[in-house]
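Residue numbers (this note's numbering): 48 to 230.
For reference, the structure discussed in these notes is given below.
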Ligand SMILES: [Fe+2]
């Protein structure tokens, strides 16, 4: 492809790839919206902005395969399988090689919290958490822990506070193991 695909074009292609799975489509749409918003407000470079948005759209690309192959969407399997799937997905995208490599790396590390390598990785983790907290009904204790340990950008922290700030404390649970997350 001569022309570089836009993020919107990647999003349309990812929607087709999801074959009508409304949960998967809704999930990456929400993660994309948060990631784009955080990145814009944090003033990242145009390169980083596109990398972050594309990674947000593609981050759970391995979920369908993992459900079929392993019977679950364990984070480590997702990271492992996501690398080859993302390379394949972006092969004819026209995106620069350096950009593809970084998107692939992010998909391969979207369940890795330690270390967090760069603002793009940080923003993807924050955006995914914002959505998973809602979809998996995380406890107040879990959210407080994430606020202390995961969230570092000003915008991501403000969003977490706005969306979940009023949740009541409860006695439940520790920070959820990212490898046990569904998405
Ligand atoms: Fe996700």
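From the three backbone atoms N, C-alpha and C, an ideal C-beta is built for every residue, glycine too.
Restricting to Cα atoms, I'd like to know which of the options is closest to residue i.
i, options, result
"residue 153", "134, 62, 141, 140", "134"
"residue 102", "132, 212, 162", "132"
"residue 237", "105, 72, 71, 60", "No information on residue 237 is available, as it lies outside the stretch 48 to 230 that the chain covers here."
"residue 201", "64, 128, 107, 84", "84"
"residue 151", "86, 127, 122, 65", "127"
"residue 64", "107, 187, 92", "107"
"residue 56", "124, 119, 137, 197", "137"
"residue 89", "210, 199, 209", "199"
"residue 158", "166, 69, 124, 119", "124"
"residue 59", "72, 156, 208", "72"
"residue 121", "94, 165, 156, 54", "156"
"residue 109", "95, 149, 207, 61", "61"
Quick one: does residue i have its CB under 8 Å from some CB of chain C?
i, result
"residue 159", "Protein chains in the displayed structure number just one, and chain C is not present."
Does the pairing of the stretch 166–181 with the stretch 191–198 give three or more beta-carbon distances under 8 Å?
-> yes
Specify whether the stretch 139–152 and the stretch 111–120 touch according to this definition: at least 3 beta carbon pairs, one from each stretch, less than 8 Å apart.
-> no
State whether the stretch 168–177 contacts the stretch 82–100, with contact taken as three or more CB pairs (one from each stretch) at a distance under 8 Å.
-> yes
In chain order, each alpha helix (DSSP H) run of at least 4 residues that lies wholly inside the stretch 59–134 | 69–89, 93–105, 110–117
Counting only runs of 4+ residues fully inside the stretch 151–215, write out the alpha helix (DSSP H) ranges in chain order.
-> 166–182, 187–196, 201–211
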